[in-house]
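Residue numbers (the working numbering): 2 to 655.
Note that beta-carbon positions come from the ideal geometry of N, C-alpha and C, so glycine has one too.
Bear in mind that the values here come from a model prediction, so they are computed numbers and not experimental data.
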Amino acid sequence: MSDIEINSVLTENRLFEPSAEFAAKARIKPEDYQALKKKADEDYEGFWAEQAKQLMDWHTPFTRTLDDSNAPYFKWFTDGSMNVSYNCIDRHLAENANKTAIIFEGEAGDTRHISYQQLHDEVCQFANALKAKGIKKGDRVVIYMPMVPEAVIAMQACARIGAIHSVVFGGFSADSLRDRIDDARAVMLITADGGTRGGKVVELKEAADKALSSGCDSIENVIVLKRSGHDIAMQDGRDSWWSDAVAGQDTTCEPEWVNAEDPLFLLYTSGSTGKPKGIQHSSAGYLLNAITTNLWVFDLQDDDIFWCTADVGWITGHTYVAYGPLATGTTIVMYEGGPMTPDAGRFWKMVEDHKVSVFYTAPTAIRALMKFGDEYPNKYDLSSIRLLGTVGEPINPEAWMWYHTVIGKERCPIVDTWWQTETGANVLTPLPGVTATKPGSCTLPLPGMDVDIVNEDGESITEANTGGYLVIKKPWPSMLRTIWGDDERYVDTYYPKFGGKYYLAGDSARRDEDGYFWIMGRIDDVLNVSGHRLGTMEVESALVANDAVVEAAVVGRPHEVKGESIVAFVICQGERPVGEDAEKMVTELRNWVGDQIGAIAKPDDIRFADGLPKTRSGKIMRRLLRTIAAGEEITSDTSTLENEAVVAQLQGKA
Ligand code: WT7
2 MSDIEINSVL
12 TENRLFEPSA
22 EFAAKARIKP
32 EDYQALKKKA
42 DEDYEGFWAE
52 QAKQLMDWHT
62 PFTRTLDDSN
72 APYFKWFTDG
82 SMNVSYNCID
92 RHLAENANKT
102 AIIFEGEAGD
112 TRHISYQQLH
122 DEVCQFANAL
132 KAKGIKKGDR
142 VVIYMPMVPE
152 AVIAMQACAR
162 IGAIHSVVFG
172 GFSADSLRDR
182 IDDARAVMLI
192 TADGGTRGGK
202 VVELKEAADK
212 ALSSGCDSIE
222 NVIVLKRSGH
232 DIAMQDGRDS
242 WWSDAVAGQD
252 TTCEPEWVNA
262 EDPLFLLYTS
272 GSTGKPKGIQ
282 HSSAGYLLNA
292 ITTNLWVFDL
302 QDDDIFWCTA
312 DVGWITGHTY
322 VAYGPLATGT
332 TIVMYEGGPM
342 TPDAGRFWKM
352 VEDHKVSVFY
362 TAPTAIRALM
372 KFGDEYPNKY
382 DLSSIRLLGT
392 VGEPINPEAW
402 MWYHTVIGKE
412 RCPIVDTWWQ
422 TETGANVLTP
432 LPGVTATKPG
442 SCTLPLPGMD
452 VDIVNEDGES
462 ITEANTGGYL
472 VIKKPWPSML
482 RTIWGDDERY
492 VDTYYPKFGG
502 KYYLAGDSAR
512 RDEDGYFWIM
522 GRIDDVLNVS
532 GHRLGTMEVE
542 SALVANDAVV
552 EAAVVGRPHE
562 VKGESIVAFV
572 ICQGERPVGE
582 DAEKMVTELR
592 NWVGDQIGAI
602 AKPDDIRFAD
612 GLPKTRSGKI
622 MRRLLRTIAA
632 GEEITSDTST
642 LENEAVVAQL
652 QGKA
């Protein structure tokens with residue numbers, strides 16, 4: 002990898018044009034992009050109305066597009082009715098019944114191919130099973146499952162009958178599950194005996210039982226999929242096996258034609274106060290942007306095999322696994338296990354085995370796999386890949402370059418997609434056949450997305466490289482509708498400033514000379530050092546650009562004089578430096594960051610550990626790091642941490 006030039010996000014200036022070969026076959030070509038943008042600029046509602054008519058099947062066509070009479074509770078397509086499951090499955094059956102919808106692989110290597118017809122039949126059977134257990138339109142159903150096809154089947158079955166699902170990631174603890182069930186007042190829980198990850202059984206039913214015995218009095222029924230096959234307890238009258246529930250059920254089930262605005266799902270995400278927010282999404286508006294982005298950004302075409310590695314417990318697993326790619330009639334790959342099982346070549350082996358053509362994953366996964374060198378990807382034939390994507394956090398240029406050269410062989414565009422649970426679908430992203438990319442930048446807004454960066458007064462910041470609040474100025478179809486059961490918190494969180502006119506994303510960002518967006522971090526991750534605004538991400542990116550550093554997280558610590566001082570938590574290549582080695586490394590890294598960004602950005606305190614505290618989804622727990630940096634006592638729950646042991650190291654106690 003020594004021939005890869007390493008830049009930090011602040012000095013990044015390389016531009017990668019889409020290859021002529023890719024651009025020639027892309028769905029969206031430069032002239033299409035210009036036409037879409039022009040239409041959206043001239044007639045915003047007309048633009049979305051046209052997309053909604055073209056890309057979705059309606060039961061009752063809508064005549065009204067945007068209803069902003071009760072802003073910021075926006076509504077779309079309010080007099081239309083449709084069904085999401087019908088749009089994802091039934092409408093493909095006439096021509097593509099035998100096309101593979103899902104290629105599934107378990108950690109042990111077991112595989113299953115499910116055609117659109119089979120998916121239809123299984124979704125209908127399960128939908129009928131739900132009805133038999135009394136589930137009706139509007140009921141909340143919690144899904145706490147491993148990453149197996151039945152998770153998607155359960156989601157689609159809820160959509161088919163108009164029930165509102167809330168998927169809780171299988172890595173969450175019993176307490177988290179209970180809180181989410183209670184907040185939604187869910188009447189049913191769908192789970193499995195257990196899942197598999199890293200060779201270990203994930204005790205889903207055990208956690209579910211614990212959750213149910215400590216609250217969850219709204220739950221009437223539990224359906225349990227047999228997956229791991231190990232012994233679990235079943236409670237009479239409450240629990241039934243999936244196989245028994247579907248036995249004898251019909252393989253057809255008339256879709257419930259729901260209103261465009263009826264909720265499709267809730268998805269809980271953490272807020273700054275700690276109490277999770279039930280992000281409520283609509284049916285039609287959500288599905289529309291799931292479709293537009295799968296077509297425009299992932300360029301899905303008839304023969305594509307799309308693998309988005311996200312779990313269905315996250316929004317990415319909703320929009321780019323369970324809904325969007327099915328609505329476009331695509332073949333998707335689902336994988337149950339861990340990326341390091343049996344070794345760091347697993348993803349690349351699966352790309353070869355299943356001829357994956359579009360691959361979408363997170364920077365944290367790329368960095369983790371990059372650590373093992375080029376040897377693993379080089380063992381496999383990755384020539385089927387034509388497009389790569391990333392999501393979840395800013396990708397540091399070094400990881401971007403590795404993805405580009407070692408995985409994409411310098412042939413494949415990379416779409417760095419910025420979006421949120423709340424936005425429902427990609428917002429800022431390159432279009433792969435159109436946009437020249439820069440490592441570390443999510444580039445430009447999609448057509449129909451009115452994104453800006455503003456100052457405290459809500460004024461657009463036109464000066465290049467000046468940070469501000471990332472906002473979305475017009476409502477868009479897949480935006481969240483509210484926070485479940487807490488309309489007030491919805492307004493307080495997303496429309497708290499600028500006279501309630503703009504959606505506040507909670508990220509800070511800057512635009513470069515070309516107008517490209519660079520995400521600097523969450524608003525509360527922005528440091529203020531001696532009156533200078535510094536993104537934690539910018540310091541992190543400088544640190545990881547050093548050869549000795551594998552990963553870094555930076556937080557602020559209140560400082561009397563400077564406002565904030567910078568504390569860096571660093572993971573080094575090889576052994577964790579201690580004693581004199583650590584001191585030397587601290588000096589080197591301080592000078593390095595000083596050279597890269599400026600003396601102002603030199604961390605005041607650098608600590609080394611074997612890992613960073615992360616949630617099971619790979620998000621660094623910054624609030625915890627801030628507590629550690631401030632030397633305060635940890636009061637928050639660390640049970641959802643992937644690696645609890647590093648906490649003591651970071652505190653300097655081990
Ligand atoms: C936050 C949303 C969207 C699905 C996964 C995360 C950060 C997301 C990027 C990106 C820089 C990114 C932002 C955003 N983020 N994608 N491409 N570049 N930052 O969903 O848990 O709702 O988190 O993730 O900070 O606000 P989420």
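By a beta-carbon distance limit of 8 angstroms, I29 contacts V435. Their separation comes to about 6 angstroms.
Just so you know, the alpha carbons of V530 and H560 end up roughly 9 angstroms apart.
Using a Cβ distance threshold of 8 angstroms, Y117 and N97 count as a contacting pair. For V85, the distance from the CB to the nearest heavy atom of the ligand WT7 is not below 7 angstroms. Taking the Cβ of D218 as the reference point, every heavy atom of the ligand WT7 lies at 7 angstroms or farther away.
Secondary structure note for P326: its alpha helix (DSSP H) is the uninterrupted segment 325 to 328.
The three-state secondary structure of L67, taken from DSSP, is strand. Within 10 angstroms of the beta-carbon of N379 lie fewer than 16 other beta-carbons, which makes it exposed. With contact defined as three or more Cβ pairs closer than 8 angstroms, the stretch 381 to 401 and the stretch 428 to 445 are in contact. Counting along the chain, Q281 sits inside the beta strand (DSSP E) bounded by residues 278 to 283.
Taking 4 residues as the shortest admissible run, the stretch 535 to 570 contains the following complete alpha helix (DSSP H) segments, listed from N- to C-terminal end: 537 to 545. For R412, the three-state secondary structure derived from DSSP is coil. Under the three-state reduction of DSSP, L301 is assigned to coil, being neither helix nor strand. Contact check for S229 against G196 passes: the beta carbons are separated by less than 8 angstroms.
Here A323 is not near L288, since their CB atoms are 8 angstroms or more apart.
In the three-state DSSP reduction, V313 falls in the coil class, being neither helix nor strand.
Under DSSP, L94 shares a beta bridge with no residue. Using a Cβ distance threshold of 8 angstroms, T438 and F17 count as a contacting pair.
Between the stretch 199 to 210 and the stretch 232 to 248 there are three or more C-beta pairs closer than 8 angstroms, enough to call the two in contact.
For the 8 angstroms CB-CB criterion, I629 and Q652 form a contact. Contact between G338 and G107 holds, with the beta-carbon distance rounding to 7 angstroms and staying under 8 angstroms.
Cβ atoms of I316 and I103 stay farther apart than 8 angstroms, at about 19 angstroms. With respect to D194, I165 sits apart: the two C-beta atoms are not nearer than 8 angstroms. Bounds of the alpha helix (DSSP H) holding A158 are 150 to 162. By the CB criterion at 8 angstroms, V223 and S82 fall outside the cutoff. Contact between E645 and T616 is ruled out by a C-beta separation of about 12 angstroms, above the 8 angstroms threshold. Following the DSSP letters along the chain, one finds G47 in no beta strand (DSSP E) but inside the alpha helix (DSSP H) bounded by residues 45 to 56.
Close CB contacts of L535 within its chain, under the 8 angstroms cut and outside five residues either way in sequence, are with V527, L528, N529, I567, I598, I601, A602 (chain order). When the alpha-carbon of V153 is set against those of A311, K276, G135, K26, the nearest one is in A311.
Secondary structure at V357: coil, using DSSP grouped into helix, strand and coil. The beta carbon of E123 sits closer than 6 angstroms to those of I154, all from its chain and outside the five residues before and after it, given in chain order. Apart from the 5 residues on each side of it in sequence, R179 sits with its Cβ closer than 6 angstroms to the Cβ of A212, S215, G216, C217 in its chain, given in chain order. Contact check for Y74 against R347 fails: the beta carbons are separated by 8 angstroms or more.
With fewer than 16 other CB atoms across the displayed protein chains lying within 10 angstroms of its CB, I635 is exposed. The criterion of a C-beta distance shorter than 8 angstroms is satisfied by M521 and E539. Per DSSP, the continuous beta strand (DSSP E) segment holding V452 begins and ends at 452 to 455.
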